[in-house]
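In this note's numbering, the protein residues as written are 16 to 336. Ideal Cβ placement from N, Cα and C applies to all residues, glycine included. To start, the structure itself, in structure tokens.
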């Protein structure tokens, strides 16, 4: 389109507001040469994932930052994640051609997700879906070994070679509740190359998520036992959260949507309560995270927000709620 221009290598570092802090007037970005550029704007749409959406709002003074002590403020609250568990199955006489696969090929069951089972006495709500995926296992990245295998050396190498193509895993992907103690804010110590505060995540597993993970992972283990592996390894969330091992990129929250400006950063159209010509798109709008991946819902919310901007906001700019 003649009225569209894509500027690559442009790192937006701030949304600039008017003197009353009620309207965005421009964005400031750094270009590939390290030059600071100000781009005037009538409408600003943040679409830079959970962490950077929240960071840009905090750096720009859009919405009140969340304070976990007073439980006041909205930007940064409601951060949630995904609770993962897995059961690895090892066989001596089977080949699964793990090198084959693509995308989201696999099969899942939903019997232990949401309200699909009796929660009486379990001590948690929600649940997880159990799945076996065939994405194509690369030899360096995929190297499961059974319990008792040495952590390094020739014994480890032998086990990796033996079980690379003779093992698979059943994953349990569970929902995660948001808590008063889980939030995103600007780091008081660490900064980026431009001297701006990095985003800081405060998060840990709660007893609720630990109970849910243990229950659903044990259900996966029951299925695994029925299959009949020679060895198996069961891992659920039972300890402190660690960011080191990859678990998921289904992060949510930070700029939650809602009906009350006192507890949400954006309204149902993903429009900022405080600065109406700023829309914040992404899983940052989720108030908590269900077990099912948020990806499709994020796409639907993006279409919903785009239609709302086109059909309502552009005709009469201002708060839609």
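- Here the C-alpha atom of residue 268 lies approximately 15 Å from the C-alpha atom of residue 276.
- By the C-beta criterion, the stretch 150-165 is judged to be in contact with the stretch 229-249, since at least 3 inter-stretch pairs fall below 8 Å.
- C-alpha of residue 336 to C-alpha of residue 79: approximately 19 Å in a straight line.
- Three or more Cβ pairs closer than 8 Å define a contact, and the stretch 86-95 meets that threshold against the stretch 188-199.
- Separation of the CB atoms of residue 320 and residue 285 is rounded to 4 Å, and the pair is thereby assigned contact status at 8 Å.
- Taking the Cα positions, residue 313 is about 33 Å away from residue 34.
- In the three-state DSSP reduction, residue 100 falls in the strand class (E or B).
- Excluding residues up to 5 positions away in sequence, 291 lie with their Cβ nearer than 7 Å to the Cβ of residue 333 in the same chain.
- Counting only the Cα atoms, residue 322 lies some 46 Å from residue 239.
- Residue 122 sits exposed, since fewer than 16 C-beta atoms from the chains shown fall within 10 Å of its C-beta.
- Sorting 234, 166 and 27 by C-alpha distance to the C-alpha of residue 185 places 234 at the top.
- As far as DSSP is concerned, residue 211 takes part in no beta bridge.
- If you ignore the 5 residues before and after residue 69, its C-beta comes within less than 7 Å of the C-beta of 90, 91, 199, 214, 269, 270 and 299, all in its own chain and listed in chain order.
- In the assembly as shown, residue 138 is an exposed residue. Its beta-carbon has fewer than 16 other beta-carbons within 10 Å.
- In this structure the stretch 46-61 touches the stretch 18-35; the number of beta carbon pairs closer than 8 Å is three or more.
- By the neighbour-count criterion, in which 16 or more other beta carbons inside 10 Å mark a residue as buried, residue 191 falls on the buried side.
- If you draw a 10 Å sphere on the C-beta of residue 155, you find fewer than 16 other C-beta atoms in it, and that means exposed.
- Residue 265 is classed as buried because its beta carbon has at least 16 other beta carbons within 10 Å across all chains shown.
- No Cβ-Cβ contact shorter than 9 Å links residue 116 with residue 145.
- Non-local C-beta neighbours of residue 212 in its own chain, meaning closer than 6 Å and more than five positions away in sequence, comprise 201, 202 and 206, ordered along the chain.
- Taken in chain order, the whole alpha helix (DSSP H) runs of length 4 or more contained in the stretch 189-251 are 222-242.
- When DSSP states are grouped into helix, strand and coil, residue 128 belongs to the coil group.
- Per DSSP, the continuous alpha helix (DSSP H) segment holding residue 75 begins and ends at 64-75.
- When only Cα atoms are considered, residue 241 and residue 44 end up about 57 Å apart.
- DSSP, read as helix, strand or coil, puts residue 179 in coil.
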